[in-house]
Structure formats: structure tokens, C-alpha cells
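Residue numbers (numbering that gives the first Met the number 0): 0 to 264. Shown next, in C-alpha cells, is the structure this report addresses.
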Amino acid sequence: MSQNGQRPPPATSRHGPHPPTSDTAIFVGHFTMPRGTSFTTHWHPFHQLAWSAKGLLRVSSEKGSWLLPPSLALWIPAGLPHSTGSEGDAVMRSPYVDPASCPQIDWTEPTVVAVGPLQRALVDHLVRTDLAPEARSRAEAVLLDVLSPVPVTSVAVPEPRDPRTRAIAQALTADPADGRPLSSWGTQVGASSRTLARLFVAETGLAFGQWREQLRMQSAMPLLADGLTLETVAHHVGYASASSFVAAFHRVVGVTPRQYFPARS
Numbered sequence: 000m001s002q003n004g005q006r007p008p009p010a011t012s013r014h015g016p017h018p019p020t021s022d023t024a025i026f027v028g029h030f031t032m033p034r035g036t037s038f039t040t041h042w043h044p045f046h047q048l049a050w051s052a053k054g055l056l057r058v059s060s061e062k063g064s065w066l067l068p069p070s071l072a073l074w075i076p077a078g079l080p081h082s083t084g085s086e087g088d089a090v091m092r093s094p095y096v097d098p099a100s101c102p103q104i105d106w107t108e109p110t111v112v113a114v115g116p117l118q119r120a121l122v123d124h125l126v127r128t129d130l131a132p133e134a135r136s137r138a139e140a141v142l143l144d145v146l147s148p149v150p151v152t153s154v155a156v157p158e159p160r161d162p163r164t165r166a167i168a169q170a171l172t173a174d175p176a177d178g179r180p181l182s183s184w185g186t187q188v189g190a191s192s193r194t195l196a197r198l199f200v201a202e203t204g205l206a207f208g209q210w211r212e213q214l215r216m217q218s219a220m221p222l223l224a225d226g227l228t229l230e231t232v233a234h235h236v237g238y239a240s241a242s243s244f245v246a247a248f249h250r251v252v253g254v255t256p257r258q259y260f261p262a263r264s
């Protein structure tokens, strides 16, 4: 049983710092995450604001998958199994929030929020262990008050299981710019385009074109985070121009690349 009286979700484990104390509504965990660091599926009895002060953070759950630059954080409701990893070197500075302290936040699904200078300063402030109780309470209240959702959609790329569709997925992961239609792939893997189309929908929930577009956006994000030009990223993931890539990014993610990575502007 968890501390809030609920059974933990199956096939998961608890992970993270000790929960906030009776004197603290928010505890900020600090994790240095060299390239390739990952925390396997786990859960918390308190809400988490997954945020990376540096680098690109990946968070995945059955609800979706997110790649988060320092300008965005993900509110993860208490009890939700999730995994976390870094794309490159990252520094995760993550507030953990006592659910009893924030009844005004009723997000029952993972929610992307904006992290601007104010939110960042408040998180950095709450890392301190020498704050007077009154000062800490004020900062905690302000942080919770300034969390603002942004219309970002998760970018999930489910892995197909059939050996034929899996071979296509592996090839496209290695070269997302490959624009061959299913008929060409069918010749390579020994299946008709109709069979492959049916398998992609059955195994991933997405039509092949949608799946490939999701993969391209996921492949583009680390490149955008590294500061590559829109033209370079567009060509790397299979778009003829920056404008066509930006349109696809907005369609899939919900915002433009410059809105997702404001440091590029």
C-alpha cells in the first residue's frame, strides 16, 4: 500500500526522494543525468513537476511520451507510472508536490506547463534548505499559482511487433528522411502494402503515414535542442523545406519549433 492508502500500480516501483514533510508542501529533487541516464518505470505518492534545468528530458507513460526542453515541464499526477531519461547531458530539478497542498490543481492527466524566468527562479529558490517556513510557504504558493498549461501534444512512436513492420520501423529510425511508400517497403520485407498498412494500424494505433510523421518529429527534437537550423533539421528528417517541416511540427506537436524551443528565437 502507498502512503496515500492506494495500492501501487502493477509492475512498477516507487522511486524518488522522500515525500514533502508536514512543514513542506514541495520538495525539489536534483538529479545530474549524463547522456543515456534513465529511471525505469516507477511512481510517486505525490505529484511531480518533471523539469530539466539543462538539456532535454524524456518522460514516457501509457498516456504518451514527451521530450522537454528547459522551457517546458510535465506535471505528472500522483500514482501514475512513468519512466524518465535524458537526451544528451541533462540536469533534472524536479519539484514533488504534496497532493493535499494543491486542491486547486485538478489535472488528472500528464500536463505540459510553461517554465519561464519566474517559474525557474522559484524552483531554484525552493532548492534551498535554509528558508524560513513562512518564506518557503510563500514561494510554494506562488509556484503552484503560476503553473500554466501549454497546448503541446505528446509525441509517441509505438513500436510494431511483427518482424516485417519492425524491420521498417528500425530502418526509418536510422534514416527518418527515407520517404519510400509501403509498396516499396513491401518488396523489401516480403508483404503487400495492404498487409503492412493493416499491421501498422493494428500494432501502433496509427496509419503508416501518421506513424512516420510522429517518428520524424521525435527525431527532430534533439536536433532542434542542439540549435541546428530549421532547414538542416527539415532535410535530416525528410522534409523538402523549413516551411513544410514547421507546418508538420505544428500539426503534430501543437506549437511551432520556435515556440517549443524559445531559446532558438
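Beta carbons are placed, not taken as given, at the ideal position from N, Cα and C, and that holds for glycine. Remember, predicted model here, so these are calculated numbers, not experimental data.
As the crow flies, the alpha-carbon of Met91 is around 31 Å from that of Ala241. Around Leu198, the same chain offers Asp161 and Thr164 as residues with beta carbons nearer than 6 Å, after the five sequence neighbours per side are excluded. Residues of the same chain with a CB within less than 6 Å of the CB of Val126, apart from the 5 flanking positions on each side, are Val27 in chain order. Between Val58 and Leu67, the CB-CB gap stays under 8 Å.
Out of Ala196, Ala176, Asp177 and Pro175, the CA that lies nearest to the CA of Gly185 is found in Ala196. Excluding residues up to 5 positions away in sequence, Ser192 lie with their Cβ nearer than 7 Å to the Cβ of Ser182 in the same chain. If only complete runs of 3 or more residues are kept, the segment 72–108 shows the beta strand (DSSP E) at 81–96, in order along the chain. When only Cα atoms are considered, Ile104 and Leu142 end up about 12 Å apart. Across the set Ile25, Pro256 and Glu158, the C-alpha of Ile25 shows the shortest separation from the C-alpha of Arg137. A check of alpha carbon separations from Pro175 across Val252, Lys62 and Met220 identifies Met220 as the nearest. With three or more CB-CB distances shorter than 8 Å, the segment 144–154 counts as touching the segment 104–120.
For Phe199, the enclosing alpha helix (DSSP H) begins and ends at Ser192 to Thr203. In this structure Gln187 is exposed. Its beta-carbon is surrounded by fewer than 16 other beta-carbon atoms within 10 angstroms. Ranked by Cα distance from Trp106, the first of Ala173, Leu55 and Leu79 is Leu79.
Judged by their CB atoms, Ser60 and His81 are nearer to each other than the 8 Å cut-off. Under the three-state reduction of DSSP output, Gly185 falls in the helix class. About 13 Å separates the Cβ atoms of Phe248 and Ala224, ruling out a contact at the 8 Å cut-off. When the Cα atoms are used, Phe45 and Ile75 turn out to be separated by approximately 9 Å. The beta carbon of Ser153 is closer than 6 Å to those of Gly63, Ser64 and Trp65 in its chain, skipping five residues each way along the sequence. Closest by C-alpha distance to Pro69, out of Trp210, Gly237, Ala239 and Arg119, is Arg119.
Each residue's CA atom was taken as its position, placing Ala173 and Val254 some 26 Å apart.
Around the CB of Gly54, 16 or more other CB atoms lie within 10 Å, so the residue is classed as buried. Within the DSSP secondary-structure output, Trp210 pairs in no beta bridge.
Going by DSSP, Leu171 is part of the alpha helix (DSSP H) stretching over Pro162 to Ala173.
Nearest in C-alpha terms to Gln217, of all of Leu121, Thr83, Ala155 and Thr31, is Ala155.
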